[in-house]
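Contents: one structure, followed by commentary.
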Amino acid sequence: MLKDHLKLHKRVILYTQIMPTIRFAREGRDVNCQIGENLREVALREGLELYGFKGKIGNCGGYGQCRTCTISIESGGSKSLSPTTQVESDLLKKSPKNWRLACQALVQGSAVVLTRPQSPPKDLKKLIDIANSVKLPN
Ligand code: FES
Numbered sequence: 003m004l005k006d007h008l009k010l011h012k013r014v015i016l017y018t019q020i021m022p023t024i025r026f027a028r029e030g031r032d033v034n035c036q037i038g039e040n041l042r043e044v045a046l047r048e049g050l051e052l053y054g055f056k057g058k059i060g061n062c063g064g065y066g067q068c069r070t071c072t073i074s075i076e077s078g079g080s081k082s083l084s085p086t087t088q089v090e091s092d093l094l095k096k097s098p099k100n101w102r103l104a105c106q107a108l109v110q111g112s113a114v115v116l117t118r119p120q121s122p123p124k125d126l127k128k129l130i131d132i133a134n135s136v137k138l139p140n
């Protein structure tokens with residue numbers, strides 16, 4: 003019985019090790035998700051404030067038309083999310099290179115992200131430093 007429990011525990015550890023973690027720096031939350039999950043859906047599922055005022059009043063529902071679901075990737079590398087879509091390239095062409103549209107991005111690995119980078123918090127640097135001080139699992 004104890005052996006079975008140990009096997010199960012090892013399987014759970016292995017499973018959680020292959021699940022990417024999205025660390026939402028502003029909210030101070032780590033969220034495990036499946037590879038291929040849509041980042042907008044992950045944030046909404048977790049009840050996080052993905053949208054600012056304008057996005058709350060009216061967003062396109064994840065169809066890549068409003069630009070209100072912008073996030074920035076603060077660490078984790080370019081392979082943490084699916085490649086930039088043409089929609090993102092068009093809508094974010096004047097934005098910093100690390101900005102993405104959450105509705106267009108699929109999770110492929112762990113990353114630290116900042117929601118609503120267009121309205122950064124006063125203590126942005128401190129938040130990012132804290133988020134990056136703990137190693138991401140994958
Ligand atoms: S929700 Fe409108 S562009 Fe992402």
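Under this note's numbering, think of the first position of the sequence shown as 3, with each following residue one higher. Ideal Cβ placement from N, Cα and C applies to all residues, glycine included. Bear in mind the structure is a predicted one, so any value in this text is a computation, not a measurement.
Between the CA atoms of MET21 and HIS7 - distance to the nearest angstrom: As a first step, residue 7 is located in the sequence shown; it is residue number 5 there, counting from the start. As a first step, residue 21 is located in the sequence shown; it is residue number 19 there, counting from the start. With a pLDDT of only 47 at HIS7, under the threshold of 50, the placement of this residue in the model should not be trusted, and no figure is reported.
DSSP three-state assignment for ILE37, whether helix, strand or coil: Numbered from 1 along the sequence shown, position 35 holds the residue referred to as residue 37. Coil.
Any non-hydrogen atom of ligand 3 closer than 7 angstroms to THR86 Cβ: With respect to ligand 3, the structure shown offers nothing to examine, as its ligands consist of ligand 1.
Neighbourhood of SER121 by C-beta distance below 8 angstroms, restricted to the same chain and skipping five residues each side: Counting from 1 along the sequence shown, the entry for residue 121 is found at position 119. If we look at SER121 and ignore the five residues flanking it on each side, its Cβ neighbours are GLY54.
VAL89 - containing alpha helix (DSSP H), residue span: In the sequence shown, counting from the first residue as 1, residue 89 sits at position 87. Unbroken alpha helix (DSSP H) run through VAL89: 88–93.
Integer Cβ distance of LEU52 from THR117, believed to fall under 8 angstroms: Position 50 of the sequence shown, counting from 1, holds the residue named residue 52. Position 115 of the sequence shown, counting from 1, holds the residue named residue 117. Their Cβ separation, rounded to whole angstroms, is 5 angstroms, which keeps LEU52 and THR117 in contact under 8 angstroms.
At least 3 beta-carbon pairs within less than 8 angstroms: the stretch 90–97 vs the stretch 24–31: With the rule of 3 Cβ pairs closer than 8 angstroms, the stretch 90–97 does not count as touching the stretch 24–31.
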